[in-house]
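Worksheet: the structure to be examined is printed underneath.
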Amino acid sequence: MQLRINNIFEINNVAKQFITQIGSKNVFAFYGAMGAGKTTFIKAICEELGVQETITSPTFAIINEYKDAEGNSIYHFDFYRINKLEEAFDFGYEDYFYSGNLCFIEWPELVEPLLPDNTVKVFITETDNGERTIEIKNID
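Here's what the structure looks like:
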């Protein structure tokens, strides 16, 4: 499945489209170059799910927790600063990945061996004219 964001003003509508495709999936790994828009797209998804808290990249905290409109937890990870896989064990990644709650993971390359088998892979690519292409794999 592929989505396209032609400009920043469309991002929330594309986030709504993404949400309609989630189904029962709950772990999403976001791949893309620095500045591709991973955090911005995750923020739009969370807003569309009714998150009222400030949504920021958990670059230094590694994980942020938000509550959706129904009070369910959403976990937002940023593994950019992970130096070795063992660091993910230190904060108990299993408790989050297997909680049944939504997990949005930035820089999943650094923890790929720990990701559940049913993880949905989301690839965000910036085109030459500034548009974003979002390719979603393992969604069915």
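Numbering (the numbering used here), first residue to last: 1398 to 1537.
The beta carbon of each residue, even a glycine, is placed where N, CA and C say it ideally should be.
Requested in this report: To the nearest angstrom, report how far apart Cys-1443 and Thr-1437 are at their CA atoms.
Outcome: The count along the sequence shown starts at 1 and reaches residue 1443 at position 46. The count along the sequence shown starts at 1 and reaches residue 1437 at position 40. Cα to Cα, the separation comes out at about 10 Å.
Query raised in the report: Taking the C-alpha atoms as reference points, what is the distance between Ile-1502 and Asn-1404?
Result: Position 105 of the sequence shown, counting from 1, holds the residue named residue 1502. Position 7 of the sequence shown, counting from 1, holds the residue named residue 1404. Each residue's alpha carbon lies about 23 Å from the other.
Report task. Out of Phe-1406, Thr-1417, Ala-1433, point me to the one whose CA is closest to Thr-1524's CA. Result -> Position 127 of the sequence shown, counting from 1, holds the residue named residue 1524. Scanning Phe-1406, Thr-1417, Ala-1433 for the CA closest to the CA of Thr-1524 turns up Ala-1433.
Requested in this report: Check whether the Cβ atoms of Ile-1416 and Ile-1408 sit closer than 8 Å, and answer yes or no.
Outcome: Position 19 of the sequence shown, counted from the start, is the residue given in the question as residue 1416. Position 11 of the sequence shown, counted from the start, is the residue given in the question as residue 1408. With respect to the 8 Å criterion, Ile-1416 and Ile-1408 are not classified as neighbours on the basis of their beta carbons.
Report task. Consult DSSP for Lys-1422 and reduce its assignment to one of helix, strand or coil. Result -> Along the sequence shown, one-based indexing puts residue 1422 at 25. Residue state, collapsed to three classes: coil.
Query raised in the report: Hey, which unbroken runs of the beta strand (DSSP E) at 3 residues or more fall wholly within the segment 1460-1511?
Result: If we require 3 residues or more, the beta strand (DSSP E) runs fully inside the segment 1460-1511 come out as 1460-1464, 1470-1475, 1499-1503.
Query raised in the report: Rounded to a whole number of angstroms, what is the C-alpha to C-alpha distance between Asn-1498 and Asp-1514?
Result: For the purposes of this step, residue 1498 is taken as residue 101 along the sequence shown, with counting starting at 1. For the purposes of this step, residue 1514 is taken as residue 117 along the sequence shown, with counting starting at 1. The straight-line gap from Cα to Cα measures roughly 16 Å.
Query raised in the report: Under 8 Å, do Tyr-1495 and Leu-1511 count as touching if we go by C-beta distance?
Result: Locating residue 1495 in the sequence shown gives position 98, where the first residue counts as 1. Locating residue 1511 in the sequence shown gives position 114, where the first residue counts as 1. Their beta carbons are not under 8 Å apart, which means Tyr-1495 does not touch Leu-1511 by this criterion.
**Report entry** Glu-1483 versus Ala-1441 - alpha carbon distance
**Finding:** Numbered from its first residue, the sequence shown carries residue 1483 at position 86. Numbered from its first residue, the sequence shown carries residue 1441 at position 44. Approximately 31 Å between the Cα atoms of the pair.
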